[in-house]
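The sequence shown begins at 6 in our numbering and counts up one residue at a time. Note that CB positions come from ideal geometry on N, CA and C, so glycine has one too. Working notes for the structure below.
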Amino acid sequence: MKSLPIEIRARKNQPLGMPPARFLRDYWQKGPLLIRGAFPEFQPPLSPDDLAGLACMDGALARIILRGDGKAKSLDSGSRPRRVRNDDKKNGATAKRDWKVLNGPFDDATFAKLPESRWTLLVQDVDKWDADTAALLDCFRFIPSWRVDDVMISYATDGGGVGAHVDQYDVFLLQGLGQRRWSIDTRPNPPTTFRENVELKLLERFSPTRTWILEPGDMLYLPPGVPHDGVAVGECTTFSIGMRAPAAGELLFDFAAHLAETLPESQRFADPDLQPARDPGEIDDAALRRARRALGPVATALDDEAFADWFGTFVTRYRVAQVAVPRKRHIDRATLAERLSHASLEHDPGSRLAWRRHGRGARLYVAGNVFDAPVAWAKALAAGPRRIDGSRLAQLPEATSGFALIAALIDAGHVTLRRR
Ligand code: SIN
Ligand code: CO
């Protein structure tokens, strides 16, 4: 089968270089496409000065990003923004990489202090402020309007850009003024680990497979997950028409809240068939079945293990207002062993404990946290009474794991040692 072109020239009445139906079938959410001349003789609706003005307004979502590699001029005096330096020792002298992000709104003084090159100003949601920019969206009416997030405009000085990154949403990158070099990695499953210690989510490794210089009116479509890097060649502006694609977690969160509001107060965890508890601190299979029943069909989204862990963290957090205060110093094994022999362990009043069998061991739930534990230790800790005799604990099997568990609980402030 012939592979699809990645670059195309727009035609009269076809800004995408093809009918929208073909674009949606062949490229949308599938692969990148560069459309030369998508907006012929494009007159950007907003000038760099207008954009800077907008970036100074209260409520505008604006950022300035200074790109560096050790060569960029530093903003080093008085009230000038301090640059963050990350010296990458692995790469020696060539690897001094410093990036700085400034968050708006800005004022004239900020712009006056910027270096001549290697920075960019980005303003999101410009379509909400400027009707001419919003009018650009008329060209994207083949996409449901609620899929469109915003038009972000960037102004960049020579060498400026936000660095190599991936976006989780589709974007049309329309070149306004000047030129920008776009590099993208078109390989399937490209590496997407991020660099550490920078304020931006920059890719650790970026190996472009395609590079183009975009001229005014050219437009690059990128589906989610394609690594890309746009570097200004001289001054330029880019209009990025970004789509909105809610994450499944976001949908579920809202859906669950919505669903919860419709349920009557009387529909709740119920256990009319409760049998005398073998161990009051245990979450048994019958309890988990009842929890699934109270939730109805949504509970099927999780398998038994994941459901049990969720339930354990939920019930041990339930109605707990206080949060345990972690200890400043770690308690070591020797100190713990020595003190345990003549002390009791006490639960923090705000930390509820419960446990459940998990294979040959146990899962111990403590105020919304999960710990792997030997069964005997989980039982002893969760069963209460609140004061647990330390010398009795010290005799339990699997002492190494048991002591490590108690040390973790003491460090986190969930239990305290009390001298008898
Ligand atoms: C930019 O306009 O500089 C960045 C746009 C993007 O990469 O999504
Ligand atoms: Co991007």
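Taking a C-beta distance under 9 Å as the contact criterion, V231 and P196 do not qualify as a contact pair. Under the DSSP assignment, A359 falls outside any alpha helix (DSSP H), being part of the beta strand (DSSP E) whose first and last residues are L358 to H363. Residue range Q184 to I189 is occupied by the beta strand (DSSP E) that includes R185.
With fewer than 16 other beta carbons inside 10 angstroms of its own, H347 counts as exposed. When secondary structure is reduced to three states using DSSP, A250 falls in the coil class, being assigned neither helix nor strand.
As the crow flies, the alpha-carbon of P37 is around 36 Å from that of T115.
Scanning its chain for C-beta atoms nearer than 6 Å, with the 5 sequence neighbours on each side dropped, one finds around A387 the residues G286, L358, A359 and W360, in chain order. Two segments are said to touch when three or more pairs of C-beta atoms, one from each, lie closer than 8 Å; by this definition the segment 332-345 does not touch the segment 275-290.
Residues L39 of the same chain have their beta carbon placed closer than 6 Å to that of E12, with the five preceding and five following residues left out of the count.
Proximity of the segment 153-162 to the segment 213-232 falls short of the contact definition, fewer than three beta-carbon pairs being nearer than 8 Å.
A Cβ-Cβ separation of about 6 Å places R16 in contact with G22 under the 8 Å criterion.
By the neighbour-count criterion, in which a residue is buried when 16 or more other Cβ atoms sit within 10 angstroms of its Cβ, K7 is exposed.
The beta-carbon separation of L59 and V176, rounded to 20 Å, does not stay under the 8 Å limit for a contact.
Taking 8 Å as the cut-off, the C-beta of L59 does not count as close to any heavy atom of the ligand SIN.
The Cβ atoms of A67 and P24 do not sit closer than 9 Å to each other. When rounded, the separation of the alpha-carbon atoms in R200 and A417 is 30 Å.
The three-state secondary structure of E12, taken from DSSP, is strand.
Boundaries of the beta strand (DSSP E) around F376: N374 to A378. Check the Cα spacing between P120 and each of L127, R146 and R72: the tightest is with R72.
Between V167 and L205, the C-beta spacing is below 9 Å. Here T243 carries a strand assignment [DSSP, helix/strand/coil]. Between the alpha carbons of L398 and H352 lies a distance of about 14 Å. In the DSSP annotation of this structure, the continuous segment of the alpha helix (DSSP H) that includes G407 starts and ends at A404 to D416. If you draw a 10 Å sphere on the C-beta of T198, you find fewer than 16 other C-beta atoms in it, and that means exposed. V176 has its CB nearer than 8 Å to a heavy atom of the ligand SIN. In this structure, G355 sits near A372, with a CB-CB distance shorter than 9 Å. The continuous alpha helix (DSSP H) containing W315 extends over residues D309 to R322.
Here R298 is exposed, its C-beta having fewer than 16 other C-beta atoms within 10 Å. Restricting attention to P277, F376 and L219, the CA atom closest to the CA of R14 is found in L219. Per the coordinates, the alpha-carbon of F244 lies some 21 Å from the alpha-carbon of D63.
The residue among R185, Y174 and A404 with its C-alpha nearest the C-alpha of A250 is Y174.
Classified as buried, F376 has 16 or more neighbouring CB atoms from the shown chains inside 10 Å of its CB.
In terms of Cβ geometry, F44 and G222 form a close pair [threshold 9 Å]. In the three-state reduction of the DSSP assignment, T340 falls in the helix class. Per DSSP, R368 is not a residue of any alpha helix (DSSP H); the beta strand (DSSP E) it occupies stretches across G366 to V371.
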